[in-house]
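Written below as structure tokens is the structure these notes are about.
Number of protein chains: 2
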Amino acid sequence: MAEIAILGAGIMATALTYPLTENGHKVRLVGTHLDREIIESIQKTGVHPNLDLKVNEGVTAYQLEEAEEAFAGADVAMSGVNSFGVHFAGEHLARLVKPGMKVLSITKGMEAEEDGTLHMLPEVLKSFFDPELAKQVSWSAIVGPSIAGEVAVHHDTAVVFAGDDQESLDYLADLFRTDYYHVWTSTDFLGHEIGAATKNIYAFAAGLGEGLLIKEGKQDDRYVRFNYNAAVFAQGQVELRQFMILLGGIPETADGLAGVGDMFVTSMGGRNVRAGTYVGQGVPFSEVRDNLMKGVTLEGVRAISVIGGALQPLTERGIIKPEDFPLCRYLYEVIEHDAPLDMPWHKFFGGEK
Amino acid sequence: MAEIAILGAGIMATALTYPLTENGHKVRLVGTHLDREIIESIQKTGVHPNLDLKVNEGVTAYQLEEAEEAFAGADVAMSGVNSFGVHFAGEHLARLVKPGMKVLSITKGMEAEEDGTLHMLPEVLKSFFDPELAKQVSWSAIVGPSIAGEVAVHHDTAVVFAGDDQESLDYLADLFRTDYYHVWTSTDFLGHEIGAATKNIYAFAAGLGEGLLIKEGKQDDRYVRFNYNAAVFAQGQVELRQFMILLGGIPETADGLAGVGDMFVTSMGGRNVRAGTYVGQGVPFSEVRDNLMKGVTLEGVRAISVIGGALQPLTERGIIKPEDFPLCRYLYEVIEHDAPLDMPWHKFFGGEK
Chain A
1 MAEIAILGAG
11 IMATALTYPL
21 TENGHKVRLV
31 GTHLDREIIE
41 SIQKTGVHPN
51 LDLKVNEGVT
61 AYQLEEAEEA
71 FAGADVAMSG
81 VNSFGVHFAG
91 EHLARLVKPG
101 MKVLSITKGM
111 EAEEDGTLHM
121 LPEVLKSFFD
131 PELAKQVSWS
141 AIVGPSIAGE
151 VAVHHDTAVV
161 FAGDDQESLD
171 YLADLFRTDY
181 YHVWTSTDFL
191 GHEIGAATKN
201 IYAFAAGLGE
211 GLLIKEGKQD
221 DRYVRFNYNA
231 AVFAQGQVEL
241 RQFMILLGGI
251 PETADGLAGV
261 GDMFVTSMGG
271 RNVRAGTYVG
281 QGVPFSEVRD
291 NLMKGVTLEG
301 VRAISVIGGA
311 LQPLTERGII
321 KPEDFPLCRY
331 LYEVIEHDAP
341 LDMPWHKFFG
351 GEK
Chain P
354 MAEIAILGAG
364 IMATALTYPL
374 TENGHKVRLV
384 GTHLDREIIE
394 SIQKTGVHPN
404 LDLKVNEGVT
414 AYQLEEAEEA
424 FAGADVAMSG
434 VNSFGVHFAG
444 EHLARLVKPG
454 MKVLSITKGM
464 EAEEDGTLHM
474 LPEVLKSFFD
484 PELAKQVSWS
494 AIVGPSIAGE
504 VAVHHDTAVV
514 FAGDDQESLD
524 YLADLFRTDY
534 YHVWTSTDFL
544 GHEIGAATKN
554 IYAFAAGLGE
564 GLLIKEGKQD
574 DRYVRFNYNA
584 AVFAQGQVEL
594 RQFMILLGGI
604 PETADGLAGV
614 GDMFVTSMGG
624 RNVRAGTYVG
634 QGVPFSEVRD
644 NLMKGVTLEG
654 VRAISVIGGA
664 LQPLTERGII
674 KPEDFPLCRY
684 LYEVIEHDAP
694 LDMPWHKFFG
704 GEK
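Read top to bottom, the protein sequences are chains A and P.
Note that our numbering has the first sequence beginning at 1, numbered continuously upward.
Note that our numbering has the second sequence beginning at 354, numbered continuously upward.
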């Protein structure tokens with residue numbers, strides 16, 4: 001039996017407590033300052049209000065002030081926040097994590113320097129740690145197509161635990177593996193993080209075709225816009241693999257769960273797709289951000305902003321060509337400069353010719 | 354202005370008459386013996402009954418008996434039948450096509466020899482031709498994510514014209530290109546045909562998760578089975594690329610319109626997905642074939658039967674390993690031996706480990 005401490009009590013972090021507890025492990029779920037009501041609810045009734053499900057026996061909920069107690073003696077220390085919370089998680093985990101613990105992150109995304117250099121989030125997390133401590137723990141992450149609620153209701157889910165150290169990955173995979181939670185391991189840590197981060201870019205694009213249909217009043221017509229979505233998805237996959245190669249992942253990783261698989265599931269719906277649908281309808285993105293979806297966490301938009309924003313400096317430095325990543329560049333214009341829907345088809349797939 | 358003769362008056366062949374006629378070309382649409390009523394309808398009212406749309410001026414419909422007249426002097430000779438009709442098309446085109454014509458096929462699929470050797474359909478088509486005549490025409494095909502009705506109603510569609518001869522491809526692409534019909538060209542003829550044929554295999558698998566939900570009475574639940582579908586899709590993409598490499602296509606073609614793009618659109622719905630949904634619900638496939646969907650053209654099922662059936666002899670000959678293509682092999686068991694739904698997750702992605 002292992003003890004797992006998780007910082008962050010969102011739906012994904014909480015969903016993962018099901019396979020863990022069903023395997024006989026104990027989970028200490030620590031809410032951030034944003035999770036106060038979630039923790040109160042779990043403490044009082046056992047129910048996670050956003051998942052609308054009761055957590056299993058073996059899960060203990062803690063408020064942030066009790067984090068030290070929760071992490072004391074844990075075997076595994078998880079970062080369960082989203083990409084907006086990674087600095088917060090880094091600051092807290094830097095003091096909560098102790099030598100010998102296995103750090104496991106579920107946060108997907110990247111950060112960029114001004115010159116366009118991109119860093120995966122476990123690296124960002126690690127940068128908050130004392131360098132000596134950072135060496136005394138193992139670093140891993142969970143990636144792959146995984147809608148939290150589906151894990152929580154025991155629907156088949158296939159993921160990859162990626163990290164630096166195979167032994168730690170095997171240990172962690174064993175803690176989580178059940179007959180519905182299928183776990184592969186890989187030491188292509190960077191490649192799996194690249195896939196997990198860049199697929200979010202293309203999920204936003206997955207809503208555009210639907211938006212266009214709505215704008216035209218054709219959403220209930222016999223013929224929708226699957227051809228449109230499929231072409232955008234294929235260009236997304238081309239760019240995802242280009243990112244993989246550009247940033248140093250193994251190209252094959254683009255085909256797997258953290259690449260095309262995660263892009264598929266993220267394209268099927270959710271907040272980023274919804275934001276894209278508004279833009280497809282003709283709403284300037286600033287209006288979506290400041291009004292229609294004000295306050296809604298949009299990881300896809302953040303990915304476009306961060307990764308798309310790195311493309312210009314990378315181009316100026318001659319690392320990529322101006323014609324590379326036409327879809328990501330266009331989405332950046334949508335997000336940052338309210339560009340209207342005008343898909344640059346002729347730039348896709350190396351140029352229409 | 355060019356004259357295009359098409360053998361077959363199904364919805365895809367007919368949809369392609371819209372971009373052609375809007376570019377000022379003339380189309381002679383020749384029905385097969387199965388299209389008799391379609392041709393009568395177009396001749397009388399201009400309406401294609403299955404598309405439920407009027408064809409443009411510039412389309413002339415012919416019954417099969419008038420095929421010779423229709424093909425006389427054509428610049429382009431198209432095979433517009435589906436994979437079940439390729440022998441029929443080969444027999445007829447062998448006499449209708451004249452030296453100097455450009456042959457363009459829209460038929461997707463493969464055929465297998467007893468030892469597992471697989472052939473793309475344009476090769477099969479060509480095998481009916483006098484070898485001298487075969488050399489005096491150019492051979493090309495249209496592939497990529499293209500739901501016929503969406504093309505017909507002018508929704509953006511991005512496709513690849515693949516063939517042996519770049520000059521012919523450029524000529525053909527020019528005939529079809531409009532502001533909604535986007536055309537790329539490629540001389541990776543084989544690779545594009547492999548993608549177009551193998552994606553049909555995985556479209557069938559795209560229905561299984563939905564069927565499982567229905568069986569469980571959970572189809573209207575908050576949480577569906579997108580994780581399931583995404584993992585199956587990712588394994589499909591892994592196998593599609595493996596087929597590409599095995600059969601001699603360019604690996605990058607797997608990422609493009611005829612690979613992941615076409616797999617995406619085919620997974621979004623249609624007859625093959627519906628057949629998979631029945632199996633997911635627990636119906637033996639033989640019952641689907643002989644009863645629930647009797648008489649319905651299932652190209653995905655044919656692809657599984659032909660390509661999946663080739664895997665055993667290819668394994669025996671040592672060309673592939675027994676652990677290669679676990680999803681395609683499992684689907685073959687479903688189609689040919691009524692295997693129940695029991696997804697072999699642990700065999701995916703090189704084995705769960």
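Each residue gets a CB set at the ideal place from its N, CA and C atoms; glycine is no exception.
Local conformation of residue i per DSSP, three classes
i	result
A:His119	strand
P:Glu356	strand
A:Tyr223	coil
A:Val296	coil
P:Ile567	helix
P:Leu694	coil
P:Gly384	coil
P:Tyr371	helix
P:Val512	strand
P:Val450	coil
P:Lys379	strand
P:Tyr415	strand
A:Ile11	helix
CB contact check: residue i to chain P, cutoff 8 Å
i	result
A:Ala234	yes
A:Ala9	no
A:Leu327	no
A:Ser146	yes
A:Glu406	This structure leaves residue 406 of chain A out entirely; chain A is present only between 1 and 353.
A:Glu114	no
A:Arg241	yes
A:Thr178	no
A:Val306	no
A:Gly280	no
Contacts that residue i makes with chain C (C-beta to C-beta distance below 9 Å)
i	result
A:Trp184	The chain labelled as chain C is not found among the protein chains of the depicted structure, namely A and P.
Candidates the options: closest to residue i by CA position
i	options	result
A:Ser41	A:Ile106, A:Asp170, A:Tyr62, A:Gln312	A:Tyr62
A:Val103	A:Ala162, A:Glu113, A:Pro344	A:Ala162
P:Lys552	P:Gln396, P:His535, P:Gly564, P:Gly589	P:Gly589
P:Lys706	A:Val86, A:Phe176, A:Val334, A:His48	A:Phe176
A:Glu3	A:Phe349, A:Gly350, A:Gly24	A:Gly24
A:Glu111	A:Glu299, A:Ala94, A:His346	A:Glu299
A:Asp115	A:Leu331, A:Leu314, A:Gly351	A:Leu314
A:Gln242	A:Gly269, A:Thr178, A:Phe348	A:Phe348
A:Asp363	A:Arg302, A:Glu37, A:Lys108, A:Lys26	Absent from the structure is residue 363 of chain A, since the part of chain A shown begins at 1 and ends at 353.
P:Phe481	P:Leu600, P:His699, P:Glu444	P:Glu444
A:Thr60	A:Gly350, A:Ala9, A:Val279	A:Ala9
A:Val301	A:Gly270, A:Asp165, A:Arg317	A:Gly270
Exposure of residue i, with buried meaning 16 or more beta-carbon neighbours within 10 Å
i	result
A:Glu65	exposed
A:His192	buried
A:Val143	buried
P:Pro475	buried
P:Leu360	buried
P:Ala425	exposed
P:Gly602	buried
P:Gly648	exposed
A:Asn272	buried
P:Ile598	exposed
P:Asp509	buried
P:Asp615	buried
A:Lys321	exposed
Cutoff 8 Å: residue i Cβ touching any chain A Cβ
i	result
P:Tyr576	yes
P:Asp608	yes
P:Phe617	yes
P:Met365	no
P:Val591	yes
P:Asp509	yes
P:Tyr581	yes
P:Glu669	no
Fill in: Three-pair Cβ contact test at 8 Å for the segment 132 to 139 of chain A versus the segment 308 to 328 of chain A
no
Worksheet item: Is the segment 304 to 319 of chain A in contact with the segment 280 to 296 of chain A, if contact means three or more CB pairs nearer than 8 Å?
Response: no
Worksheet entry | Given 8 Å, three or more beta-carbon pairs between the segment 547 to 560 of chain P and the segment 603 to 611 of chain P | yes
Worksheet item: Does the segment 46 to 56 of chain A come close enough to the segment 80 to 90 of chain A to have 3 or more Cβ pairs within less than 8 Å?
Response: no
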